[in-house]
């Protein structure tokens, strides 16, 4: 594909927002041990917040929390929990309160994805993605809402743009993320009178993430040969910048919104694979497909 004549710069939120806008605040982030959610956590911490990162892999969380604390000078604690198991989330919330005394911001970012046509997708695999993404978001909200109400804080839910149109081999993730968007909308309406805001960030294909590697089928996850209105793939920093804005006082009147972070790519999106040949002959994209969890 011909490269765009223009490529938007990748900016750091520190060039726009004060370093201390989140001083005294606390972030609770599921999926914060890696990828986009780790990047958002780092950005929020750079602007003054302490954080708790939540996930299933304790070794990864410990390493990530150490890195985040060293980079930002703030405190990040690792808390092992499975968003599919509400009691583990309640325990993580309790430990966060014991350490920091409050929760102001919550990022619901735990997710799972792989490629599979529906004919090969097991019921267990479909259910697992729904449980992680959709039920996991619900469980995280349930575990944290009383504290976010008290702080008059905010939620960010990490979604995707896949369900805006029919995306082959992504029926499980499309259904799960549509549910995430709906959950956020209801929270915005129900919790707005309590001073709580809720918004969705929907990253496009994001360089340096596991999702990019899965969707591209490449061992590397760098963006090559891609063009969109702003000339490049999404970077983790782009999503992090949006998170800083949404949690900042500048967004105090913004709630119930779903915001794609994709450089305008959704307005140009065609099929991800040759159509209908890729649907009629799944083996043509076989390296991307995984039928089971």
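Residue numbers (the UniProt record's numbering): 1 to 293. Idealized CB from N, CA, C, for every residue including glycine.
Grab me the residues of residue i's own chain with a C-beta within less than 8 Å of its C-beta, minus the 5 sequence neighbours each way, in chain order.
| i | result |
| --- | --- |
| residue 299 | This structure leaves residue 299 out entirely; the chain is present only between 1 and 293. |
| residue 58 | 78 and 80 |
| residue 194 | 149 and 152 |
| residue 280 | none |
| residue 42 | 68, 71, 72 and 240 |
Excluding the 5 residues flanking residue i on each side, which residues of the same chain have their C-beta closer than 6 Å to its C-beta?
| i | result |
| --- | --- |
| residue 54 | 30, 79, 81 and 92 |
| residue 74 | 45 and 50 |
| residue 56 | 82 |
| residue 52 | 28, 77, 79 and 96 |
| residue 13 | 43, 241 and 244 |
| residue 20 | 48 |
| residue 200 | 157, 159, 181, 184 and 258 |
How far does the alpha helix (DSSP H) with residue i in it extend, from its first residue to its last?
| i | result |
| --- | --- |
| residue 126 | 123 to 129 |
| residue 206 | No alpha helix (DSSP H) holds residue 206; DSSP gives it neither H nor E. |
| residue 252 | Run containing residue 252: none; DSSP gives neither H nor E here. |
| residue 236 | 236 to 247 |
| residue 41 | 35 to 46 |
| residue 297 | Coverage of the chain is limited to positions 1 through 293, which leaves residue 297 absent and any answer about it impossible. |
| residue 8 | Where residue 8 is concerned, there is no enclosing alpha helix (DSSP H), given that its DSSP letter is neither H nor E. |
Roughly how many angstroms lie between the CA atoms of residue i and residue j, to the nearest whole one?
| i | j | result |
| --- | --- | --- |
| residue 61 | residue 159 | 22 Å |
| residue 6 | residue 18 | 29 Å |
| residue 221 | residue 232 | Interpretation of residue 221 is limited by its pLDDT of 43, a score under 50 that renders its predicted location unreliable; no figure is taken from the coordinates. |
| residue 115 | residue 129 | 12 Å |
| residue 267 | residue 230 | 12 Å |
| residue 184 | residue 198 | 6 Å |
| residue 64 | residue 76 | 9 Å |
| residue 11 | residue 83 | 32 Å |
| residue 147 | residue 118 | 40 Å |
| residue 9 | residue 250 | 22 Å |
| residue 86 | residue 131 | 11 Å |
| residue 262 | residue 242 | 12 Å |
| residue 89 | residue 273 | 38 Å |
| residue 192 | residue 104 | 15 Å |
| residue 224 | residue 240 | Confidence at residue 224 is low in this model, with a pLDDT of 49, below 50, so its placement is unreliable and no value can be given for it. |
| residue 264 | residue 70 | 35 Å |
| residue 72 | residue 111 | 25 Å |
| residue 283 | residue 166 | 20 Å |
| residue 205 | residue 102 | 34 Å |
| residue 168 | residue 120 | 12 Å |
| residue 164 | residue 235 | 21 Å |
| residue 202 | residue 238 | 11 Å |
| residue 252 | residue 99 | 27 Å |
| residue 270 | residue 35 | 26 Å |
| residue 38 | residue 66 | 12 Å |
| residue 133 | residue 196 | 21 Å |
| residue 16 | residue 25 | 19 Å |
| residue 219 | residue 22 | Caution applies to residue 219, whose pLDDT of 46 falls short of 50 and renders its modelled position unreliable; the model cannot decide the point. |
| residue 275 | residue 207 | 25 Å |
| residue 40 | residue 228 | 23 Å |
| residue 113 | residue 94 | 29 Å |
Where do the N-terminal and C-terminal ends of the beta strand (DSSP E) with residue i fall, by residue?
| i | result |
| --- | --- |
| residue 79 | 76 to 80 |
| residue 103 | Careful: residue 103 lies outside any beta strand (DSSP E) and carries neither H nor E. |
| residue 155 | 154 to 158 |
| residue 135 | That residue, residue 135, is in no beta strand (DSSP E); it is neither H nor E in DSSP. |
| residue 52 | 50 to 55 |
| residue 279 | Segment 277 to 280 is the alpha helix (DSSP H) holding residue 279; no beta strand (DSSP E) there. |
| residue 261 | 258 to 261 |
| residue 26 | 26 to 30 |
For residue i, which residues in the same chain have their Cβ closer than 7 Å to its Cβ, ignoring the five residues on either side in sequence?
| i | result |
| --- | --- |
| residue 135 | 84 |
| residue 137 | 108, 157, 180 and 183 |
| residue 285 | 273 and 278 |
| residue 33 | 53, 55, 57, 60, 61 and 64 |
| residue 260 | 161, 202, 204 and 266 |
Between residue i and chain D, is there a C-beta pair that is closer than 8 Å?
| i | result |
| --- | --- |
| residue 262 | Here there is only one protein chain, and chain D is not present. |
Any 3 or more C-beta pairs closer than 8 Å across the stretch 146 to 165 and the stretch 237 to 248
Judged by Cβ distances under 8 Å, the stretch 146 to 165 makes contact with the stretch 237 to 248, as three or more pairs qualify.
The stretch 246 to 266 touching the stretch 184 to 196, judged by at least three CB pairs closer than 8 Å
Contact between the stretch 246 to 266 and the stretch 184 to 196 is present: three or more C-beta pairs spanning the two stretches fall below 8 Å.
Is it a yes or a no for the stretch 138 to 145 touching the stretch 123 to 130, going by three-plus beta-carbon pairs under 8 Å?
Two segments are said to touch when three or more pairs of C-beta atoms, one from each, lie closer than 8 Å; by this definition the stretch 138 to 145 does not touch the stretch 123 to 130.
Within the stretch 152 to 203, note down every full beta strand (DSSP E) run reaching 3 residues or more, in order along the chain.
Those beta strand (DSSP E) runs which fall completely within the stretch 152 to 203 and span 3+ residues are 154 to 158 and 197 to 203.
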